[in-house]
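Since the structure comes first, as structure tokens, the remarks are kept for the end.
Number of protein chains: 2
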Amino acid sequence: MKKVAAGMDIGGTNTVMGLVDEKGRVLARAGIPTRQFKTLKAYIGAVSGTIRELAGNKYTLIGTGIGAPNGNFFTGCIEFAPNLPWKGKVPLAKRFSKALRCPVILTNDANAAALGEKLFGAAKKMNDFIFITLGTGLGSGIVVNGALVYGHDGMAGELGHVIVEKNGRPCGCGRRGCLETYCSATGIVSTYVQLTGNCRNETAADSIDARYVFERARAGEEQAIEAFRFTGEVLGLALANSVTHTSPEAIFLFGGLTRAGRLLFGPVKQNLENNLLKVYRGKIKLLPSRLPESDAAVLGAASLIWNEKNTL
Amino acid sequence: MKKVAAGMDIGGTNTVMGLVDEKGRVLARAGIPTRQFKTLKAYIGAVSGTIRELAGNKYTLIGTGIGAPNGNFFTGCIEFAPNLPWKGKVPLAKRFSKALRCPVILTNDANAAALGEKLFGAAKKMNDFIFITLGTGLGSGIVVNGALVYGHDGMAGELGHVIVEKNGRPCGCGRRGCLETYCSATGIVSTYVQLTGNCRNETAADSIDARYVFERARAGEEQAIEAFRFTGEVLGLALANSVTHTSPEAIFLFGGLTRAGRLLFGPVKQNLENNLLKVYRGKIKLLPSRLPESDAAVLGAASLIWNEKNTL
Chain A
268 MKKVAAGMDI
278 GGTNTVMGLV
288 DEKGRVLARA
298 GIPTRQFKTL
308 KAYIGAVSGT
318 IRELAGNKYT
328 LIGTGIGAPN
338 GNFFTGCIEF
348 APNLPWKGKV
358 PLAKRFSKAL
368 RCPVILTNDA
378 NAAALGEKLF
388 GAAKKMNDFI
398 FITLGTGLGS
408 GIVVNGALVY
418 GHDGMAGELG
428 HVIVEKNGRP
438 CGCGRRGCLE
448 TYCSATGIVS
458 TYVQLTGNCR
468 NETAADSIDA
478 RYVFERARAG
488 EEQAIEAFRF
498 TGEVLGLALA
508 NSVTHTSPEA
518 IFLFGGLTRA
528 GRLLFGPVKQ
538 NLENNLLKVY
548 RGKIKLLPSR
558 LPESDAAVLG
568 AASLIWNEKN
578 TL
Chain B
268 MKKVAAGMDI
278 GGTNTVMGLV
288 DEKGRVLARA
298 GIPTRQFKTL
308 KAYIGAVSGT
318 IRELAGNKYT
328 LIGTGIGAPN
338 GNFFTGCIEF
348 APNLPWKGKV
358 PLAKRFSKAL
368 RCPVILTNDA
378 NAAALGEKLF
388 GAAKKMNDFI
398 FITLGTGLGS
408 GIVVNGALVY
418 GHDGMAGELG
428 HVIVEKNGRP
438 CGCGRRGCLE
448 TYCSATGIVS
458 TYVQLTGNCR
468 NETAADSIDA
478 RYVFERARAG
488 EEQAIEAFRF
498 TGEVLGLALA
508 NSVTHTSPEA
518 IFLFGGLTRA
528 GRLLFGPVKQ
538 NLENNLLKVY
548 RGKIKLLPSR
558 LPESDAAVLG
568 AASLIWNEKN
578 TL
């Protein structure tokens, strides 16, 4: 039977799963709403059952990788994740390993995506890079010497919570001025609302989202273009500061906001370059992720297993 | 014959050398003014001769480690160091290797000191830490997964050039608002001068230095105490941001400014803790380096060799 790794991405709304072969092909997919279960046990039972069904008699499951917000690689726990239904520290790796009878590795979802880029994307030949996810918030995974940086406690790579503005915008983490309050789908909406005074979509009469800001910018609206420029200004400087830490070969941008293409990449690139220390100038590639957006989460999670296949 | 590694620290004023055994004991020391030679060749000849003399017939030299500003581990070159007499890229590792007939490893001086802390200091059991040198400028070395972070190009760990204030104080690097313009001996003097309007030492009638600010603070002068508090405020926030990158077990502070003890460590610690993301709070140790200040540079440089002794 063909060997596969399961990749599982646990989001606040949906849990998506897939079976991935060694070359990064997604052979089967499924999804389950994360919040429809009364107990953690019921959730684990349903997700495990779905993965077993996907594998059937066709594939041998060599392990399951899990990407989840606030996932700790060392403990295999999700720790105090504000957008998930379970409180405190939840030992998900252990529970799933029992249910699926296979090795389970868990980490932060952005870390998993970074590893996916290394194994199956555009970073195959890179040993040092930074991976940034621009979604509702800003996530990150840092690769140094060919390996993900987990840090002392398994929680490294939280660049969304670099404080870029003292007493700046309030952040969900309880502090102020975090990078993700400026550079994320939520952040760009805040910027646009500040610039225009509008918080409702004029045509659809509902709240403004990042896609709306993008459409307005594409239609040439000055304030929407300025919202992207400002986002790039803040992100470019923050990334220039990150470069002084690990001197990466490239910085990858991933996630919904990157669909804006040049509107986003242009100002980020310019502000990154302008703020770089001389020794780094002209050296750091700013690249879009090459993971297909629809499968990136599953590929990232599965890469946790394929990356360790010789040690499992 | 007893095996030793030579450690060499190249500074703008002096080049110091020493022979170090595997346990981190400095068995012999010497120093030479860096600028007294007309040519690079004469400099290399004199320094190599001194090291050979130190070793004599008593010690076998297994290799030489060099710590130098703007030292690149990968190329073995010093690259565009503003305070050294040689311009452009200087292939020092290669030249010294030829002169001394032994392996030579070169890196940035702060990187070398960080490795010294790991092999011979207080970080022996630590795999993830950040090492900060507070001298004329601010240098840093970052250890991740037990190894120094060199980055893609050998130039990682330049935290002195994190921009902490847009359009802030002018920096020697040509940009503005770099961390080292606030948090270094030079930085605290600027702060003190700004606070007091004085730029001359009242008693000695010469320019104010960091030691003077320290003495005034110890004597209870409010503005001098405020200069330390402000330095700690800026450094504490910058370090909290660095923690989001590599989640270290500890941050070490080293260098002249740390002689101020609690005057410096107090405000840094407080501002670090207050600015940390919740998942890191109460976890990150802020520690003074345990390397003896007089031998730290030599120990750090020699540790480059002892760290690689199995692969040389």
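Chains as they are written, first to last, in this note's numbering: chain A, 268 to 579; chain B, 268 to 579. A virtual CB, placed ideally from N, CA and C, is assigned to each residue, including glycine.
Which of helix, strand or coil DSSP assigns to residue i
{"i": "B/Tyr326", "result": "strand"}
{"i": "B/Arg485", "result": "helix"}
{"i": "B/Pro300", "result": "strand"}
{"i": "B/Phe341", "result": "coil"}
{"i": "A/Lys433", "result": "coil"}
{"i": "A/Gly334", "result": "strand"}
{"i": "A/Asn375", "result": "strand"}
{"i": "A/Leu543", "result": "coil"}
{"i": "A/Lys365", "result": "helix"}
{"i": "B/Val416", "result": "coil"}
{"i": "B/Ala390", "result": "coil"}
{"i": "B/Ser474", "result": "strand"}
{"i": "B/Phe347", "result": "coil"}
{"i": "B/Thr463", "result": "helix"}
{"i": "B/Lys354", "result": "coil"}
{"i": "A/Ala423", "result": "coil"}
{"i": "A/Arg524", "result": "The sequence given here places Leu at residue 524 of chain A; Arg does not occur at that position. Three-state result, A/Leu524: helix."}
{"i": "B/Pro370", "result": "coil"}
CB of residue i within 8 Å of CB of residue j, strictly
{"i": "A/Gly499", "j": "A/Leu531", "result": "yes"}
{"i": "B/Gly388", "j": "B/Leu553", "result": "no"}
{"i": "B/Ala477", "j": "B/Leu524", "result": "yes"}
{"i": "B/Ala494", "j": "B/Val431", "result": "no"}
{"i": "A/Leu426", "j": "A/Ser509", "result": "yes"}
{"i": "A/Ala452", "j": "A/Gly408", "result": "no"}
{"i": "A/Ile299", "j": "A/Thr317", "result": "yes"}
{"i": "A/Thr513", "j": "B/Ala423", "result": "yes"}
{"i": "A/Phe481", "j": "A/Ala527", "result": "yes"}
{"i": "A/Val456", "j": "A/Ile475", "result": "yes"}
{"i": "A/Arg302", "j": "A/Pro352", "result": "yes"}
{"i": "B/Val411", "j": "A/Val416", "result": "yes"}
Residue environment, residue i, which counts as buried when at least 16 other CB atoms sit within 10 Å
{"i": "B/Thr280", "result": "exposed"}
{"i": "A/Ala576", "result": "A small fix is needed here, since residue 576 of chain A is Lys in this sequence, not Ala. It is exposed - the Cβ of A/Lys576 has fewer than 16 other Cβ atoms within 10 Å."}
{"i": "B/Glu346", "result": "buried"}
{"i": "B/Thr470", "result": "exposed"}
{"i": "A/Pro534", "result": "buried"}
{"i": "A/Arg467", "result": "exposed"}
{"i": "B/Ala569", "result": "buried"}
{"i": "A/Asn465", "result": "exposed"}
{"i": "A/Pro437", "result": "exposed"}
{"i": "B/Glu489", "result": "exposed"}
{"i": "A/Thr306", "result": "exposed"}
{"i": "B/Gly444", "result": "buried"}
{"i": "A/Arg483", "result": "buried"}
Spatially closest choice to residue i from the options, by CA coordinates
{"i": "B/Met284", "options": "B/Gly444, B/Glu346, B/Ser561", "result": "B/Ser561"}
{"i": "B/Gly404", "options": "B/Gly413, B/Ala563, B/Val429, B/Ala366", "result": "B/Val429"}
{"i": "B/Asn434", "options": "B/Thr448, B/Gly424, B/Cys466", "result": "B/Thr448"}
{"i": "B/Asp395", "options": "B/Gly334, B/Lys550, B/Ile311, B/Val293", "result": "B/Lys550"}
{"i": "A/Gly312", "options": "A/Gln537, A/Glu289, A/Phe521, A/Ala366", "result": "A/Ala366"}
{"i": "A/Gln461", "options": "A/Asn574, A/Phe497, A/Lys536, A/Tyr326", "result": "A/Phe497"}
{"i": "B/Met275", "options": "B/Lys308, B/Leu321, B/Lys305", "result": "B/Leu321"}
{"i": "A/Arg362", "options": "A/Tyr310, A/Arg548, A/Thr327, A/Tyr326", "result": "A/Tyr310"}
Close-in-space but distant-in-sequence residues of the same chain around residue i (CB under 6 Å, 5 per side omitted)
{"i": "A/Lys354", "result": "none"}
{"i": "A/Ile330", "result": "According to the sequence provided, residue 330 of chain A is Gly. The question's Ile does not apply to it. Taken in chain order, the residues that qualify are Ala272, Cys369, Pro370, Ile572, Leu579."}
{"i": "A/Asn375", "result": "Gly338"}
{"i": "A/Gly421", "result": "Asn339, Phe340, Phe341"}
{"i": "B/Ile277", "result": "Ala335"}
{"i": "B/Ala390", "result": "Glu384, Phe396"}
{"i": "B/Arg296", "result": "Gly285"}
7 Å Cβ shell around residue i - same chain, five flanking residues per side excluded
{"i": "A/Asn350", "result": "Gly279, Pro336"}
{"i": "B/Ser364", "result": "Pro370, Val371"}
{"i": "A/Gly291", "result": "Leu386, Phe387, Leu566"}
{"i": "A/Arg485", "result": "none"}
Beta-carbon contacts of residue i that lie in its chain and below 8 Å, excluding the five residues immediately before and after
{"i": "A/Asn324", "result": "Met268"}
{"i": "B/Ala563", "result": "Ala380, Gly383, Phe521, Ser556"}
{"i": "A/Arg442", "result": "His428, Ile430"}
Interface residues of chain D facing residue i [CB-CB closer than 7 Å]
{"i": "A/Pro515", "result": "Here chain D cannot be found, since the structure's protein chains are A and B."}
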